[in-house]
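Residue numbers for the sequence shown follow the numbering used here, beginning at -4 and rising by one. No residue lacks a Cβ here, since even glycine has one placed at the ideal position from N, Cα and C. The structure appears right after this line, and notes come after that.
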Amino acid sequence: MSESVATETLTADYHASVTALPRSLARHSPKTPALDVLGVTRQYGAYTALQDVNLQIWPGEFITIIGHSGCGKSTLLNLVAGLDRPSSGSVQLYGRTIQGPGPDRAMVFQNYSLLPWMSVRQNVEEALKAALPGQTAAQRAGATDQALRLVGLWPHQAKRPSALSGGQRQRVAIARAFAVQPQVLLLDEPFGALDAITKSHLQDELLELWTGEAEGGIANVLMVTHDIDEAIYLSDRIVVMSNGPRAHIHEVLDVPLPRPRERAALVQDPAYLRLKAHMLHLLGTVLATPH
Ligand SMILES: Nc1ncnc2c1ncn2[C@@H]1O[C@H](COP(=O)(O)OP(=O)(O)OP(=O)(O)O)[C@@H](O)[C@H]1O
Ligand SMILES: [Mg+2]
-4 MSESVATETL TADYHASVTA LPRSLARHSP KTPALDVLGV TRQYGAYTAL
46 QDVNLQIWPG EFITIIGHSG CGKSTLLNLV AGLDRPSSGS VQLYGRTIQG
96 PGPDRAMVFQ NYSLLPWMSV RQNVEEALKA ALPGQTAAQR AGATDQALRL
146 VGLWPHQAKR PSALSGGQRQ RVAIARAFAV QPQVLLLDEP FGALDAITKS
196 HLQDELLELW TGEAEGGIAN VLMVTHDIDE AIYLSDRIVV MSNGPRAHIH
246 EVLDVPLPRP RERAALVQDP AYLRLKAHML HLLGTVLATP H
């Protein structure tokens, strides 16, 4: 069997295996989606980055978005964050159209965007002041301490961003979002600049902070990644975007793996292997970009 035939077979196997499962929608069967992206198009002048994007995310879901560079992943996240508005269509949070940023959402940007004149600690505290102005100084200090410890920056809290490595800067951005613990956490390739050990540690911390359908804390995560293994390990569903211009959602993949997931066991799980083969086929062949 040639490699492409083997991949096609695995792809068919993946589809056959997940159609036997109840859909995520049936699993949650809520009345109102946590996030509803309704026919969203975003044009930049004559360039149409996103065209007619539709996506429903149910309360408690962990969703990752994957797609080739330039397809519009950050554009979509910015729209959900309320930092940008669609050219047409709308994005709703629990049935209300998003008009701007809010404390219910926090974003870790692809380029970290730290305040360069402030220390690591002040950067985290500043994010808390903006998102949760009702907190007391003691509450803010406590949340900052906890977030700095989680990301391993406690010893570096007095440094300015210019004195940090790339990975440390990225961890400050993650600490800010972890400290705020928004209802919806938006992550734009948050672990891209990290070494494998730090990355897997922070993935597990993120899963700990994600409360799912329980009350309080981070209920939903919407995360952009380029890493197929990361997407499978973390998500309930994976959104695969087509290439731009006029990018849209190519396919939404269910991740049929029970939690808690164990990395070592996953790599031998047939469901994991089928899904990974399908994603490689999608990104490497179906949606391949010319070089
Ligand atoms: N402010 C802007 N003005 C004009 N074009 C833009 C603007 N922002 C994004 N674009 C274009 O829209 C498309 C999508 O950009 P976006 O940053 O969302 O891609 P991405 O999927 O996040 O890519 P990457 O994986 O490289 O981060 C790109 O072609 C980009 O050039
Ligand atoms: Mg991007």
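Under the rule that 16 or more other beta-carbon atoms within 10 Å means buried, what is residue i, buried or exposed?
{"i": "N215", "result": "buried"}
{"i": "A76", "result": "buried"}
{"i": "P17", "result": "Confidence at P17 is low in this model, with a pLDDT of 41, below 50, so the placement of that residue should be treated as unreliable; the coordinate-derived value is given next. So P17 counts as exposed."}
{"i": "P98", "result": "exposed"}
{"i": "R269", "result": "buried"}
{"i": "Y107", "result": "buried"}
{"i": "D190", "result": "exposed"}
{"i": "G239", "result": "buried"}
{"i": "T284", "result": "exposed"}
{"i": "G67", "result": "buried"}
{"i": "W112", "result": "exposed"}
{"i": "N118", "result": "buried"}
{"i": "P185", "result": "buried"}
{"i": "A174", "result": "buried"}
Mapping DSSP to helix, strand and coil, what is residue i?
{"i": "S157", "result": "helix"}
{"i": "M274", "result": "helix"}
{"i": "H23", "result": "Its pLDDT being 47, under 50, H23 is placed unreliably in this model, and the value from its coordinates should be taken loosely. In this structure, H23 counts as helix in the three-state DSSP scheme."}
{"i": "I93", "result": "coil"}
{"i": "F186", "result": "coil"}
{"i": "Q176", "result": "coil"}
{"i": "L282", "result": "coil"}
{"i": "T193", "result": "helix"}
{"i": "E120", "result": "helix"}
{"i": "Q130", "result": "coil"}
{"i": "V167", "result": "helix"}
{"i": "R18", "result": "Residue confidence for R18 is low, a pLDDT of 41 falling below 50, so the modelled location carries little weight; the figure read from the coordinates is stated next. Three-state DSSP puts R18 in coil, outside helix and strand."}
{"i": "L109", "result": "coil"}
{"i": "V250", "result": "coil"}
{"i": "D47", "result": "strand"}
{"i": "R232", "result": "strand"}
Which first and last residues belong to the alpha helix (DSSP H) in which residue i is found?
{"i": "V146", "result": "No alpha helix (DSSP H) contains V146, which DSSP labels as neither H nor E."}
{"i": "Y228", "result": "223 to 229"}
{"i": "A76", "result": "68 to 76"}
{"i": "V261", "result": "Correcting the residue type first, residue 261 is Leu in the shown sequence and not Val. Counting along the chain, the alpha helix (DSSP H) containing L261 begins and ends at 258 to 261."}
Return the first residue and the last residue of the beta strand (DSSP E) that residue i is part of.
{"i": "M102", "result": "100 to 103"}
{"i": "R37", "result": "30 to 39"}
{"i": "S82", "result": "Run containing S82: none; DSSP gives neither H nor E here."}
{"i": "V219", "result": "215 to 219"}
Using a threshold of 7 Å, is the CB atom of residue i nearer than that to any non-hydrogen atom of ligand 1?
{"i": "A44", "result": "yes"}
{"i": "S83", "result": "no"}
{"i": "Y39", "result": "yes"}
{"i": "S108", "result": "no"}
{"i": "G77", "result": "no"}
{"i": "G239", "result": "yes"}
{"i": "S288", "result": "Only positions -4 to 286 of the chain appear in the structure, and residue 288 is not among them; the question remains open."}
Any residue whose CB is nearer than 7 Å to a heavy atom belonging to ligand 2, listed in chain order:
K68, S69, Q105, D183, E184, V219
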